[in-house]
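Undergrad:
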Amino acid sequence: MAAYVVFIKDETLDKDELATYAEKAGQARGIHPITPLAFYGQLETLEGPEAEGVVVLEFPDAEAAKGWYFSPAYQEAKAHRLKGAKYRVLLVNGVA
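Okay, here's the thing in structure tokens:
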């Protein structure tokens, strides 16, 4: 069953750190089976707090998503994301 990693950017703290994150996160893709479904496109908040941006990534299953997220390459990139902005990151399974 497909799984989705959803990034919700709440607040930018350091644009230079985010630029480094973007470069390293792109390299961290490696051989991981990632399909971007939404990538900082126009968004409209219907409920809850406003968000600066949203990314939705599709994976074949939750194990593949975790394999990418916990990979050394993505963890290196993540360190820059944490310095660059406040995010919420969710992993959700699709429907069968």
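For the sequence shown, the residue numbers in UniProt numbering are 1 to 96. Where is the CB? At the ideal position from N, CA and C, for every residue including glycine.
1) Could you give the DSSP three-state label for residue 76: helix, strand or coil?
2) Do you know whose CA, among 19, 32, 48 and 41, lies nearest residue 70's CA?
3) Given a cut-off of 8 Å on the beta-carbon distance, is the pair residue 9 and residue 87 in contact?
4) Counting only runs of 4+ residues fully inside the UniProt domain "DUF1330" (3 to 95), write out the alpha helix (DSSP H) ranges in chain order.
5) Short check: CB of residue 25 to CB of residue 79, under 8 Å?
6) Would you mind working out which of 83, 58 and 72 sits nearest residue 91, comparing C-alpha positions?
7) Spatial neighbours of residue 94 within its chain, please: CB distance less than 6 Å, with the 5 preceding and 5 following residues excluded, ordered by chain position.
8) Rounded to the nearest angstrom, what separates residue 84 and residue 54 at their Cα positions?
TA: Taking the geometry as given:
1) Of the three classes helix, strand and coil, the one that applies to residue 76 here is helix, per DSSP.
2) Measuring C-alpha to C-alpha distances from residue 70 to each of 19, 32, 48 and 41 identifies 32 as the nearest.
3) A contact, by the Cβ cut-off of 8 Å.
4) Every alpha helix (DSSP H) stretch that sits fully inside the UniProt domain "DUF1330" (3 to 95) and reaches 4 residues is listed by chain position as 15 to 28, 62 to 69 and 72 to 84.
5) Not in contact: residue 25 and residue 79 (Cβ atoms no closer than 8 Å).
6) With distances taken between Cα atoms, residue 91 lies closest to 58.
7) Non-local C-beta neighbours of residue 94 in its own chain, meaning closer than 6 Å and more than five positions away in sequence, comprise 1 and 2, ordered along the chain.
8) Spanning the two alpha carbons is a distance of roughly 15 Å.
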